[in-house]
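Enquirer: If you read the sequence shown in the numbering used here, its first letter stands for residue 2, the second for the next number, and so on. Backbone N, C-alpha and C fix where the C-beta goes; we use that ideal spot for every residue, glycine too. All values reported here derive from a predicted model rather than from experimental measurement. Got a structure for you, written out below as structure tokens; questions coming shortly.
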Amino acid sequence: MKTSIKLFLLLYAFSMTACATQTNEIQSVLDQQQAPAGVVFEVVSLFEGSIQTAIPKIVEYSSQLRKRFPNISIAVVTHGNEQFALTTKNKSEYTKTHQQVQNLAENGDIPVHVCAVYAERKGVSESEFPDYINIAASGPSQINNYRELGYVHIKLSNW
């Protein structure tokens with residue numbers, strides 16, 4: 002029991018530190034005089050359900066960024082187990098998340114990419130994702146492509 006409590010407290014402290022770091026990174030972008038070429042949010046987690054926490058944060062951060070820099074380009078790349086919540090078969094279980102992702106993609110002009118390599122390793126084909134999801138050959142390569150275009154990289158990985 003004591004070990005469980007210690008583990009919980011350690012994980013809680015770690016997640017709070019990660020959240021503060023992400024907030025600081027967003028604030029750093031917001032404090033700039035000119036917008037960067039864009040911002041790419043990286044989401045990677047061991048847990049499928051963690052996407053339910055990450056996407057609302059991305060919606061919030063994107064709103065702040067667009068308020069400050071209306072024309073800033075934003076993208077999302079997800080390449081861990083959380084990406085499987087975005088499959089068509091999981092749409093009923095993660096309805097709100099799917100609605101938010103579809104809204105980002107279709108109304109916010111924010112592409113949301115999943116990683117084909119990782120999906121294939123886990124036995125999930127590209128056709129199992131809805132049309133509003135972009136399939137990247139490799140999540141890390143997609144992130145690097147955005148970085149080469151001058152995008153600021155913000156990693157949301159502790160969900």
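#1: How many angstroms separate the CA atom of G39 from the CA atom of T79?
#2: Skipping 5 residues on each side, what residues in its chain have a beta carbon closer than 6 Å to that of K156?
#3: Please classify T18: is it buried, with 16 or more other beta-carbons within 10 angstroms of its beta-carbon, or exposed?
#4: Any idea what DSSP makes of E43, helix, strand or coil?
#5: Skipping 5 residues on each side, what residues in its chain have a beta carbon closer than 8 Å to that of G151?
#6: Taking its Cβ as the centre, do 16 or more other Cβ atoms sit within 10 Å of G140, making it buried, or is it exposed?
Expert: Here's the rundown:
#1: 17 Å
#2: E43
#3: With a pLDDT of only 38 at T18, under the threshold of 50, the placement of this residue in the model should not be trusted; the figure read from the coordinates follows. Under this definition T18 is an exposed residue.
#4: strand
#5: P37, A38 and G39
#6: buried
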